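50 is the number of the first residue of the sequence shown in the working numbering; add one for each residue after it. Working notes, beginning with the structure itself.
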Amino acid sequence: MASVKEHKSHDMGLHQEVLTGRTQQVFFNPEESENFLYNDAYDVDFNKRTSIDVEKLNCIEVNSKIKDLMKQGYGTIVLKNPGAKHSLGVGILNKLNLIIEGSLGYFGVGSIDGPVVRISGRVGWSCAENMMAGKVVIEKNAGSCFGAAIRGGDLICKGSVGARSGIDMKGGTIMIGGNAGAFTGFMMQRGRIVILGDVGPNLGDSLYDGTIFVGGKIESLGADAVEAEMTDLDVDWLKRKLKVAEIDKKINFSKMTKIVSGKKLWNYDNLEPTERKGAI
50 MASVKEHKSH DMGLHQEVLT GRTQQVFFNP EESENFLYND AYDVDFNKRT
100 SIDVEKLNCI EVNSKIKDLM KQGYGTIVLK NPGAKHSLGV GILNKLNLII
150 EGSLGYFGVG SIDGPVVRIS GRVGWSCAEN MMAGKVVIEK NAGSCFGAAI
200 RGGDLICKGS VGARSGIDMK GGTIMIGGNA GAFTGFMMQR GRIVILGDVG
250 PNLGDSLYDG TIFVGGKIES LGADAVEAEM TDLDVDWLKR KLKVAEIDKK
300 INFSKMTKIV SGKKLWNYDN LEPTERKGAI
């Protein structure tokens, strides 16, 4: 099998690593494509639409209603009057169009795998935490820990986001139309973050792998985060991805800054004491 280094994906930040006693290889059979869903997933029709008035309901009641409506085949569900309540739309492991007319509180749409979510307002801390697949679009701003530990999918905020966005990120893409706070990309392990505005101090601190693109000013880089050369592959990918993000901005992609891991922390335990001080 060809090495990852021989493929274009290596130049875009997708690297192969050896884990003693383990393998991260996943084998798929194309004949089993119909099984790429959860066993208890519901067969929904996106043209079948309904709404839930959230104003007098708590998060448990709302999430139970969403599940019941998916059981009935509804593929488009609108949440009205969310009132910035916490933990709405969490744990949806199904194809679904979820439209939220308003703002969410903490931990909105966390641990989802598959739905397309559109939020017309703002979101609080840890929006889409542990997201596995799907697409989330926030029209306004987001709080701290935006996209914490996400593993896949496209997470998009058209406004600005708070500190520690993308913390412990393990895959997928986070796209930010405005500015980002301190420690964005902290302990990032995989995936890509795109910031079209400015970003605060300690960007990519303790970055293990993955790539961060910044269109504006970087206040400072964190430990083991280093600047890398933008390639034509990067520019092509950014152009395609920002169409998915629906962010209508004119960007000179070739002038964006690319940040990757310096990889000094990869073998931290083997470093000499003086080298450890330099790494952190």
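We treat Cβ as the ideally placed atom computed from N, Cα and C, and that holds for glycine. Because the structure is a prediction, the values reported are computed rather than measured.
| Asked | Found |
| --- | --- |
| Validate contact between the stretch 206-226 and the stretch 300-319 using beta carbons, cut 8 Å, 3 pairs | no |
| Chain C within 8 Å of N190, Cβ atoms only | Absence of chain C from the displayed structure is noted, only one protein chain being present. |
| CA-to-CA distance, A294 to V172, given in whole angstroms | 17 Å |
| Pick from Y91, L118, G196 and L106 that is closest to T99, judged by C-alpha positions | L118 |
| Collapsed DSSP secondary structure at E110 in the structure displayed | helix |
| C-alpha distance - C176 paired with I187, whole-angstrom precision | 10 Å |
| Inter-residue spacing [alpha-carbon to alpha-carbon] between V309 and S214 | 16 Å |
| Own chain partners of K114 with C-beta closer than 7 Å, once the 5 adjacent residues on each side are dropped | I101 |
| Between the CA atoms of S160 and C108 - distance to the nearest angstrom | 15 Å |
| Contacts around L142, its chain only, beta-carbon distance under 6 Å, and the 5 residues preceding and following it disregarded | Y87 and D162 |
| Whole-Å CB distance - G124 paired with K97, under 8 Å assumed | 6 Å |
| Boundaries (first-last residue) of the beta strand (DSSP E) holding L204 | D203 to C206 |
| Pairwise C-alpha distance: T260 and S169 | 28 Å |
| Integer-rounded CB distance, given that G253 should sit under 8 Å from L270 | 6 Å |
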